[in-house]
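Here's the structure we're looking at; comments come further down.
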């Protein structure tokens, strides 16, 4: 049965089996563990995941592909196919996860919503043990950025997890062939979190990056309506230059600045 990839869903099917095997190896799945696969497509990665004897929760938005997967793997008791948009999916609704909080996540992400999927996995779901995503190489590189090349995406997400590019994947390994290359990214969610202050911290960082070429003190003052004198006191207390730009701060320095300015001594 041939199914034409749908451009509206950002479908690009991986056809290199060596890449599939490397992804599964990175997940280091044990018998009885559970992995959530995002966008399984035709089931190339799904098949390899099932060989580990792990329980696989395959979440597929495309109705036709979900039906194909159910038919193809109908004899596999370790597979649960859920026909749903991943942005609406909750691990608590999976029969494999309802009594099991620990799980891993993997997937070849559609480029157009990869950021929203990452946000969902790290901020909305219960914390996964490990995430292995294949996504646009440029996005993967941004997520791993360090000062002075930090941007809002890594500045926020590096509070929640550690990011590491494992290897690149040429666009020639997909059908249809996308315009850009991909990379496989390993993401390890951090045990220690900042969720007590995270919503306001996230807003603080986004405001700081509103004008990335401006001095940080000016961006924060303009976007948050904070007097510069108040910000200068926080900068001086932390020995930050008033001429520092947002891309020059490490994630932990953003936290220090937020706590100092807000008058909170600890998370």
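In this note's numbering, the protein residues as written are 318 to 584. Glycine included, every Cβ here is placed at the ideal spot set by N, Cα and C.
Next item on the list: Ignore the nearest five residues each way along the sequence and tell me which others in residue 444's own chain have a CB closer than 7 Å to its CB.
Entry: 506
Check: Among residues of its own chain, excluding the 5 on either side of residue 555, which ones have a beta-carbon nearer than 7 Å to its beta-carbon?
Finding: 573, 574 and 577
Notebook entry, point to check: In three-state terms, what does DSSP make of residue 327?
Noted result: At residue 327 the pLDDT is 47, less than 50, meaning the model places this residue with poor confidence and gives no usable figure here.
Checklist line | alpha helix (DSSP H) segment containing residue 541, residue limits | finding: Here the alpha helix (DSSP H) through residue 541 covers 533-541.
Check: For the ligand FMN, any of its heavy atoms closer than 6 Å to the Cβ of residue 484?
Finding: Of the ligands one can find in the structure shown there are none, so the ligand FMN has no counterpart to examine.
Margin query: Rounded to the nearest angstrom, what separates residue 519 and residue 389 at their Cα positions?
Written below: 43 Å
Check: When the distance is taken between beta carbons, is residue 350 closer than 7 Å to residue 375?
Finding: no
Note to self: Below 8 Å on the Cβ atoms is my contact criterion, and I expect residue 398 with residue 386 to pass it. Report the Cβ-Cβ distance as a whole number of Å.
What the structure shows: 5 Å
Notebook entry, point to check: At which residue ranges does the region 398-446 contain complete beta strand (DSSP E) runs of 3 or more residues, listed in the order of the chain?
Noted result: 421-425
Check: How many Å lie between residue 546 and residue 526 at the Cα?
Finding: 20 Å
Item checked: Buried versus exposed call for residue 579 [16 or more other C-beta atoms within 10 Å across all chains shown] -> exposed
Next item on the list: Can you tell me the Cβ-Cβ gap for residue 453 and residue 431, rounded? I've got them flagged as a contact below 8 Å.
Entry: 7 Å
Note to self: With a threshold of 8 Å, are at least 3 pairs of Cβ atoms found where one atom belongs to the region 471-484 and the other to the region 552-571?
What the structure shows: yes
Next item on the list: Would you mind working out which of 456, 400 and 409 sits nearest residue 499, comparing C-alpha positions?
Entry: 456
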